[in-house]
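As structure tokens, the structure follows; a few thoughts come after it.
Residue numbers (this note's numbering): 34 to 408.
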């Protein structure tokens with residue numbers, strides 16, 4: 034039995050309603066974290082113009098994978114490039130396009146997330162999408178940005194089931210508004226802290242006195258460590274965390290995490306790299322340790338309309354925030370990243386996949402009890 038699910042505009046309200054009956058985010062359970070307010074959707078799509086699309090591929094008892102596309106603005110991205118930076122927390126991974134982003138300080142395609150052995154399909158899909166855009170008829174080089182985590186415990190990753198057309202579909206069906214989280218898209222087969230991981234998202238809106246800017250984060254979680262939720266040592270109390278093999282049983286310390294940060298604050302590539310570093314601090318708040326075998330990457334972009342980079346311009350003029358104005362954005366990034374990572378756990382469901390491997394969902398009721406006792 035095969036399910037190939039497009040999370041599209043026409044489906045999003047029904048899907049979001051169905052999932053809302055089954056899962057709640059940490060905030061929806063009554064535990065808001067941080068000092069800043071979220072946007073209306075508490076999602077990366079709270080940043081104006083940003084859209085997200087998923088393709089979820091579930092086939093028989095062995096295929097549990099997918100694609101997630103993050104589209105930073107609704108124009109021709111190749112012709113109006115986005116200021117960007119990439120920070121590598123730990124480089125055991127395959128992030129296509131990283132060197133050109135570092136060299137030129139911009140991104141010219143939607144960002145694609147998928148599984149480790151489907152990066153090539155991601156590159157082909159986003160490249161074909163770019164070449165098909167009106168105005169790109171003469172384009173002969175595209176720097177596709179494609180990130181990954183390894184879902185091979187639950188997914189038949191060697192089967193390389195993701196196709197370039199699935200990538201194009203995820204982009205074409207991307208939408209604003211609520212973003213489906215948990216076992217969806219690139220998070221379909223991922224594992225986090227020994228529990229079912231997936232896609233998570235969150236946002237922060239700064240007060241007008243601090244600029245009024247929005248910071249949105251979307252994550253693909255497949256990493257390990259010692260789980261903490263809002264300061265509570267959840268992993269230790271559940272006796273489920275990395276290195277516990279010295280006491281009880283073996284858990285896998287390695288894994289990966291992809292983090293995408295988008296803001297409408299006017300930032301250049303240099304300060305976007307500083308923002309990206311703070312996302313790793315958000316990961317640390319969850320108990321992630323960026324282990325030896327973990328590919329932990331942050332892609333940061335600014336979609337401030339006046340600072341998009343026209344490929345036809347001979348001179349670039351932009352207005353960017355001063356260094357002294359960055360601290361609130363740093364704090365918002367840390368808050369939104371941590372909450373997005375926690376949301377990926379709260380919104381995920383238990384799953385059985387390749388070889389009968391089973392991964393439990395986060396025991397939400399037990400965790401909520403811990404949080405209530407602490408409070």
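All C-beta atoms, glycine included, are put in the ideal place defined by N, C-alpha and C.
| query | Around the C-beta of residue 53, are 16 or more other C-beta atoms found within 10 angstroms, so that it is buried, or is it exposed? | reply | Residue placement at residue 53 cannot be trusted, given a pLDDT of 41 that sits under 50; the coordinates are not used to answer.
| task | Give the straight-line distance between the Cα atoms of residue 161 and residue 311, rounded to the nearest whole angstrom. | result | 33 angstroms
| request: Tell me where the alpha helix (DSSP H) around residue 158 begins and ends. | output: 152-165
| task | Taking all protein chains shown into account, decide if residue 213 is buried (16 or more other Cβ within 10 angstroms of its Cβ) or exposed. | result | buried
| said: Give me, in chain order, the residues of the same chain whose beta-carbon lies closer than 7 angstroms to that of residue 265; leave out the 5 immediate sequence neighbours on both sides. | reply: 403, 404, 407
| request: Classify residue 92 as helix, strand or coil using the three-state DSSP reduction. | output: strand
| query | Per DSSP, residue 139 is paired with what? | reply | 116
| query | Just the Cα atoms here: how many angstroms apart are residue 226 and residue 344? | reply | 43 angstroms
| field | Residue span of the beta strand (DSSP E) that contains residue 265, given as start and end | value | Neither: residue 265 is in no beta strand (DSSP E) and is coded neither H nor E.
| field | alpha helix (DSSP H) segment containing residue 198, residue limits | value | 197-205
| Can you check whether the CB of residue 377 is closer than 9 angstroms to the CB of residue 231? | yes
| request: Please work out which residues of its chain come closer than 6 angstroms, Cβ to Cβ, to residue 361, disregarding the five sequence neighbours upstream and downstream, and give them in chain order. | output: 239, 243
| query | Taking all protein chains shown into account, do 16 or more other C-beta atoms lie within 10 angstroms of the C-beta of residue 237, making it buried, or fewer, making it exposed? | reply | buried
| request: Check each candidate in 332, 339, 155 and name the one with the smallest Cα separation from residue 249. | output: 332
| query | By Cβ distance, which residues of its chain are closer than 7 angstroms to residue 223, with the 5 residues on each side in sequence left out? | reply | 182, 184, 230, 231, 253, 254, 255
| Can the beta-carbon of residue 196 be found less than 9 angstroms from the beta-carbon of residue 158? | yes
| field | Buried versus exposed, by CB contacts within 10 Å (16 or more), residue 309 | value | buried
| field | Integer-rounded CB distance, given that residue 336 should sit under 8 angstroms from residue 167 | value | About 21 angstroms; that fails the 8 angstroms criterion.
| said: Can you tell me which residues form a DSSP beta bridge with residue 181? | reply: 147
| request: In angstroms with no decimal places, state the Cα-to-Cα distance between residue 122 and residue 399. | output: 31 angstroms
| query | Enumerated in chain order, which unbroken segments of the beta strand (DSSP E) with a length of 3 residues or greater are wholly contained in the segment 300-351? | reply | 328-335
| said: My output table needs one value for residue 229: the three-state DSSP class, helix, strand or coil. | reply: strand
| message | Let me make sure I understand the geometry here. Which of 318, 323, 143 has the alpha-carbon closest to that of residue 334? | response | 143
| Cβ-heavy atom distance, residue 231 to the ligand ZN, below 8 angstroms | Summarising the ligand content, the structure contains no ligands, and the ligand ZN is consequently not present.
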